[in-house]
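I have placed the structure first, in the form of C-alpha cells, so that the comments after it can refer back to it.
Number of protein chains: 2
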Amino acid sequence: MAQTESAEKSGTRAEMREETERAILDAAEVVFAEAGFGGATMQAIADACGLPKANLHYYFASKEKLYRRVVERIFMIWLEAADSFDTEAEPEIALRRYIARKMLLSRDYRSGSKVWANEVMHGAPIIQDYLETTLQAWTETRVAVIRRWIAEGRIAAIDPKWLLYMIWATTQHYADFAHQVETLNRGPLTDAQWQDATETVCGIVLRGIGLDPGAPR
Amino acid sequence: MAQTESAEKSGTRAEMREETERAILDAAEVVFAEAGFGGATMQAIADACGLPKANLHYYFASKEKLYRRVVERIFMIWLEAADSFDTEAEPEIALRRYIARKMLLSRDYRSGSKVWANEVMHGAPIIQDYLETTLQAWTETRVAVIRRWIAEGRIAAIDPKWLLYMIWATTQHYADFAHQVETLNRGPLTDAQWQDATETVCGIVLRGIGLDPGAPR
DNA sequence: AGAGACCTTGACTGGTTGGTCAGGTCTGCT
DNA sequence: AGCAGACCTGACCAACCAGTCAAGGTCTCT
Chain A
357 MAQTESAEKS
367 GTRAEMREET
377 ERAILDAAEV
387 VFAEAGFGGA
397 TMQAIADACG
407 LPKANLHYYF
417 ASKEKLYRRV
427 VERIFMIWLE
437 AADSFDTEAE
447 PEIALRRYIA
457 RKMLLSRDYR
467 SGSKVWANEV
477 MHGAPIIQDY
487 LETTLQAWTE
497 TRVAVIRRWI
507 AEGRIAAIDP
517 KWLLYMIWAT
527 TQHYADFAHQ
537 VETLNRGPLT
547 DAQWQDATET
557 VCGIVLRGIG
567 LDPGAPR
Chain B
357 MAQTESAEKS
367 GTRAEMREET
377 ERAILDAAEV
387 VFAEAGFGGA
397 TMQAIADACG
407 LPKANLHYYF
417 ASKEKLYRRV
427 VERIFMIWLE
437 AADSFDTEAE
447 PEIALRRYIA
457 RKMLLSRDYR
467 SGSKVWANEV
477 MHGAPIIQDY
487 LETTLQAWTE
497 TRVAVIRRWI
507 AEGRIAAIDP
517 KWLLYMIWAT
527 TQHYADFAHQ
537 VETLNRGPLT
547 DAQWQDATET
557 VCGIVLRGIG
567 LDPGAPR
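What follows is the structure, given as C-alpha cells:
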C-alpha cells in the first residue's frame with residue numbers, strides 16, 4: 357500500500373516523486389491560504405494530503421522551504437497570465453484580455469492569490485527579490501506601453517501605475533476577499549455573475565481612461 | 357514607577373485603564389498586521405508597547421479576545437468612513453468623497469486595513485456576524501442608492517456590487533499591498549502621489565460609469 | 001535473487017507559546 | 001494613618017509544533 361498512492365497509477369520513480377510533491381504543494385497552498393504562514397501547521401498540511409508529517413520533511417526540508425516553493429509556483433502562474441497583456445495589441449484589446457485573464461485566475465486559483473496577498477501584506481519576507489527584479493521589470497515594460505498610448509493620444513493622460521494597481525486590486529479582490537463577496541452575495545458567484553463582473557470591470561476601466569469599451573464579449 | 361506610564365500624565369483610574377488598553381490595542385494592531393493572527397505572539401505585542409506579557413492578560417483575557425477587539429475597532433473606523441458615502445448627495449460628489457476618504461484611511465490606518473484583510477481572507481472566523489449584519493445592511497442601502505441613480509439615468513446601468521467592490525479593492529490596495537506599491541515606487545508615495553492616485557481613481561471610476569469627473573478637487 | 005538506493009512512518013525531542021498565579025505595589029477613600 | 005481594591009509582574013506550566021531519527025518496507029538494476 358505504501359509506495360503507490362491511493363488512486364494514482366504508479367509511473368516511473370521521478371514521476372511519482374513529482375506527483376507526491378505536487379500533492380503536498382497543493383495541500384500546502386490551501387492550508388497556507390486559510391491560516392497564513394504562522395497559523396499553518398505541518399500536521400494540517402500532512403492531513404490535507406493524507407500523508408504522515410514526516411513525509412513532508414522528506415520532500416521539503418523545512419516549513420519555510422515548502423512555503424517558498426508554494427509562493428514561487430503562484431508567482432509563475434501570475435507571470436504567465438501577465439503575458440496576456442499584449443504589448444503589441446490595441447489598448448482596448450490588450451486591457452480587456454488582461455483583465456479577463458486576471459478575473460479567471462481569481463476564480464480558479466483562489467488559494468494561490470491569497471497566499472500571494474498574505475506574503476506581500478506581511479512585507480514579502482520570502483519573495484522580496486522577485487518584487488525587485490521580475491515584477492519590477494514586467495511593470496516597467498507595461499508602464500512604457502501605456503505611456504506610449506498616452507503620448508499617441510489614444511487614452512487619457514494618467515499615471516500608468518495607478519491604472520495597473522486598479523486592475524490588480526479589483527481582479528484580485530474577487531479571490532482574496534471571496535469570503536466577503538460570497539457573504540454579501542449570499543452564495544458563490546454564478547457563471548453569469550463572473551461574466552457580468554468581468555464585463556463591468558472592463559467597461560469601467562476602458563471608459564475610465566477614455567476608450568470606447570465597444571461590444572461586450 | 358509601575359502604575360504611571362512613562363510619559364503620560366496620570367489621570368483618573370478609568371482614564372489610565374483606557375489609555376493602557378489603547379496602547380495595547382495599538383501595538384497589537386501593528387503586530388497582527390505584520391505577522392497575522394497565527395504568526396503574532398503575545399510577547400511581541402508586549403514588547404511593542406513596553407509592558408510585561410502578563411499585563412496583556414490582565415487587560416485582555418486571551419489572545420483571541422484581544423484580536424477580536426482589534427478587529428472590531430477597525431470595523432468601527434471603517435464604518436464611520438462609510439458614512440461619507442452620502443446617500444443624499446449627487447453621484448459625483450458622493451462617490452468622490454467616499455473614494456477620497458477611503459484613500460485617506462489606507463494612508464493613515466495601514467495596519468488596520470491589513471488586519472481586516474487578513475481576517476476576511478482567512479474566512480472571517482471572528483467577525484462573520486459583522487459581515488452578515490452590519491456590512492450587509494450598509495451595502496444594501498448603498499446598492500439601493502446606486503440603483504436609483506441608474507433608474508434616473510444619471511449613471512450607466514451596471515450592477516452596483518461590482519462598482520462597490522472596485523472602490524473597496526482599489527483603495528484598500530494602497531494599504532494592504534503598500535509594500536509592493538512602495539517597492540515598485542522605490543520608496544513611499546509622496547503627498548503629491550497620494551493626491552494624484554486619488555484623483556486618478558476618482559476620474560476612472562466616475563468616467564467609467566458615465567459621469568463627468570469635472571474639475572479635480 | 002540479491003544489493004543498494006529510495007521511500008515510509010511512528011515515536012521522540014528541544015524549543016516556543018498562550019495562559020496562570022502568588023505575592024507584591026500603588027491609589028483613593030475614610 | 002490604615003485599609004480595600006485595583007494594578008503589576010517574574011516565574012512557572014501544560015500544550016503544541018517544527019524538525020529528527022532509526023527501523024523497516026519497496027523498487028530497480030544487474
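Taken in order, these protein sequences are the chains called A and B. Heads up: the first sequence runs through residues 357 to 573, numbered per my numbering. Heads up: the second sequence runs through residues 357 to 573, numbered per my numbering. Backbone N, C-alpha and C define an ideal beta-carbon position, used for all residues, glycine too. In this text, all values refer to a predicted model and were calculated from it rather than measured experimentally.
* Asked: Pairing CB atoms from the segment 517-535 of chain A with CB atoms from the segment 461-473 of chain A, are three or more of them under 8 Å?
  -> With the cut-off at 8 Å, the segment 517-535 of chain A and the segment 461-473 of chain A touch.
* According to DSSP, is GLY479/B helix, strand or coil? -> Indexing the second sequence from 1 puts residue 479/B at position 123. GLY479/B carries a coil assignment under DSSP once its states are collapsed to helix, strand and coil.
* To do: Tell me, please, whether the CB atom of ASP529/A is closer than 7 Å to any CB atom in chain B?
  => As a first step, residue 529/A is located in the first sequence; it is residue number 173 there, counting from the start. A small correction: the amino acid at residue 529/A is His; Asp does not occupy that position in the sequence shown. Judged by the 7 Å Cβ criterion, HIS529/A is in contact with chain B.
* Of the choices ILE455/B, ALA480/B, SER467/B, ALA473/B, whose alpha-carbon is the least far from that of TRP550/B? -> Along the second sequence, one-based indexing puts residue 550/B at 194. It is ILE455/B whose Cα lies nearest to the Cα of TRP550/B.
* **Residue range of the alpha helix (DSSP H) that includes ILE539/B** => For the purposes of this step, residue 539/B is taken as the residue at position 183 of the second sequence. Before going further, note that residue 539/B is Thr rather than Ile in the sequence given. Residue range 534-540 is occupied by the alpha helix (DSSP H) that includes THR539/B.
* To do: Name, going along the chain, the residues of the segment 471-504 of chain A whose beta-carbon falls closer than 8 Å to a beta-carbon of chain B.
  => Listed by position, the residues of the segment 471-504 of chain A near chain B (Cβ gap below 8 Å) are ALA473, ASN474, VAL476, MET477, HIS478, GLY479, ALA480, GLN484, LEU487, GLU488, LEU491, GLN492, THR495.
* Decide if ILE449/B is buried, meaning its Cβ has at least 16 other Cβ atoms within 10 Å, or exposed. => In the second sequence, residue 449/B corresponds to position 93, counting from 1. Per the 10 Å Cβ criterion, exposed.
* Asked: ARG581/B lies in the alpha helix (DSSP H); which residues open and close that run?
  -> Nothing in the structure corresponds to residue 581/B, since chain B is present only between 357 and 573.
* So, is the C-beta of GLY391/A closer than 7 Å to a C-beta in chain B? -> Here residue 391/A corresponds to residue number 35 of the first sequence, with the count starting at 1. Residue 391/A is actually Ala in this sequence, not Gly. Closer than 7 Å to some Cβ of chain B, the Cβ of ALA391/A qualifies, so yes.
* Within 10 angstroms of its Cβ, does GLN528/A collect 16 or more other Cβ (buried), or is it exposed? -> The residue you call residue 528/A lines up with position 172 of the first sequence. Answer is buried; the Cβ neighbour count reaches 16.
* Nearest-angstrom Cα separation, counted from GLN492/A out to TYR423/A -> Position 67 of the first sequence, counting from 1, holds the residue named residue 423/A. Position 136 of the first sequence, counting from 1, holds the residue named residue 492/A. Those two C-alpha atoms are separated by around 22 Å.
* Asked: By Cβ distance, which residues of its chain are closer than 7 Å to VAL387/B, with the 5 residues on each side in sequence left out?
  -> Locating residue 387/B in the second sequence gives position 31, counting from the first residue. Counting only Cβ-Cβ distances below 7 Å, and skipping sequence neighbours, we find ALA396, ALA400, ILE401, ALA404.
* In chain order, which alpha helix (DSSP H) runs of at least 4 residues are fully inside the segment 443-482 of chain A? -> Taking only runs of at least 4 residues, the alpha helix (DSSP H) segments lying wholly in the segment 443-482 of chain A are 447-464, 466-477.
* How big is the Cα-Cα spacing for ARG452/B and ILE523/B? -> Position 96 of the second sequence holds residue 452/B. Position 167 of the second sequence holds residue 523/B. Taking the Cα positions, ARG452/B is about 11 Å away from ILE523/B.
* Assigned exposure category for MET459/B - 16 Cβ within 10 Å defines buried -> Against the second sequence, residue 459/B aligns to sequence position 103. Label assigned to MET459/B: buried.
* Going along chain B in order, which residues have a C-beta closer than 8 Å to the C-beta of LEU540/A? -> Position 184 of the first sequence holds residue 540/A. Taking the beta carbon of LEU540/A as reference, the chain B residues within 8 Å of it are LEU487, LEU491, GLN492, THR495, LYS517, listed in sequence order.
* Asked: Is the beta carbon of LYS419/B sitting closer than 7 Å to the one on MET477/A?
  -> Sequence index remark: in the second sequence, residue 419/B carries index 63 (1-based). Sequence index remark: in the first sequence, residue 477/A carries index 121 (1-based). No, the Cβ-Cβ distance between LYS419/B and MET477/A is not below 7 Å.
* To do: Would you decide whether GLY564/A is buried or exposed? Buried here means 16 or more other CB atoms lie within 10 Å of its CB.
  => The sequence position of residue 564/A within the first sequence is 208, counting from 1. GLY564/A should be labelled buried.
* Identity of the residue in THR539/A, ILE506/A, PRO544/A, GLU444/A nearest LEU484/B by Cα -> Mapped onto the second sequence, residue 484/B falls at position 128. In the sequence on display, residue 484/B carries Gln and not Leu. Considering only alpha carbons, the answer is THR539/A.
* Taking DSSP as the reference, what is the three-state secondary structure of CYS405/B? -> Sequence index remark: in the second sequence, residue 405/B carries index 49 (1-based). CYS405/B falls in the coil class under three-state DSSP.
* Asked: Is DSSP giving LEU567/B helix, strand or coil here?
  -> If you number the second sequence from 1, residue 567/B lands on position 211. Looking at LEU567/B - three-state DSSP - the assignment turns out to be coil, as it is neither helix nor strand.
* Which residues in the same chain have their Cβ closer than 7 Å to the Cβ of ILE502/A, if we skip the five residues on either side of it in sequence? -> In the first sequence, counting from the first residue as 1, residue 502/A sits at position 146. Excluding its 5 nearest sequence neighbours in each direction, ILE502/A has C-beta neighbours in its own chain below 7 Å: PRO516, LEU519, listed in chain order.
* In whole angstroms, what is the alpha-carbon distance linking VAL499/A and THR443/A? -> Position 143 of the first sequence, counted from the start, is the residue given in the question as residue 499/A. Position 87 of the first sequence, counted from the start, is the residue given in the question as residue 443/A. Going from the Cα of VAL499/A to the Cα of THR443/A covers about 10 Å.
* Is PHE533/B close to chain A, meaning its C-beta is less than 7 Å from at least one C-beta of that chain? -> Numbered from 1 along the second sequence, position 177 holds the residue referred to as residue 533/B. Yes, PHE533/B lies at the interface with chain A (some Cβ there is under 7 Å from its Cβ).
* For ALA525/B, does the count of other Cβ atoms within 10 angstroms reach 16, so buried, or fall short, so exposed? -> Here residue 525/B refers to the residue found at position 169 of the second sequence. By the 10 Å Cβ count, ALA525/B comes out buried.
* **Extent of the continuous alpha helix (DSSP H) run through GLY394/B** => Along the second sequence, one-based indexing puts residue 394/B at 38. For GLY394/B, the enclosing alpha helix (DSSP H) begins and ends at 369-395.
* Can you give the Cα-Cα distance for MET357/A and ALA384/A, rounded to whole angstroms? -> For this step, residue 357/A is matched to residue 1 along the first sequence. For this step, residue 384/A is matched to residue 28 along the first sequence. Confidence is the limiting factor: at MET357/A the pLDDT is only 34, short of 50, which leaves the residue's position unreliable, though a coordinate-based value still follows. Looking at the two C-alpha atoms, the distance is approximately 23 Å.
* In the structure shown, what three-state DSSP assignment does GLY509/A receive? -> Residue 509/A sits at position 153 when you count from the first residue of the first sequence. GLY509/A falls in the coil class under three-state DSSP.
* Asked: THR368/A versus chain B: which residues are under 9 Å apart at the beta carbon?
  -> Start at 1 with the first residue of the first sequence, and residue 368/A comes out as number 12. Under the 9 Å cutoff, chain B gives no residues; its nearest Cβ is about 38 Å from THR368/A.
* Going by the beta-carbon positions, is the gap between ALA438/B and TRP505/B smaller than 7 Å? -> Position 82 of the second sequence holds residue 438/B. Position 149 of the second sequence holds residue 505/B. No, they are not a contact pair.
* Name the chain A residues whose beta carbon is nearer than 8 Å to that of ALA410/B? -> What you label residue 410/B is simply residue 54 of the second sequence in a count that begins at 1. Contact note: ALA410/B does not reach chain A at a C-beta cutoff of 8 Å; the least C-beta distance is about 22 Å.
* How many angstroms separate the CA atom of THR490/A from the CA atom of ARG542/B? -> Within the first sequence, numbered from 1, the residue matching residue 490/A stands at position 134. Within the second sequence, numbered from 1, the residue matching residue 542/B stands at position 186. Counting only the Cα atoms, ARG542/B lies some 14 Å from THR490/A.
* **Proximity below 7 Å, CB of SER440/A to CB of ARG457/A** => Translated into positions along the first sequence, residue 440/A becomes position 84. Translated into positions along the first sequence, residue 457/A becomes position 101. Contact: yes.
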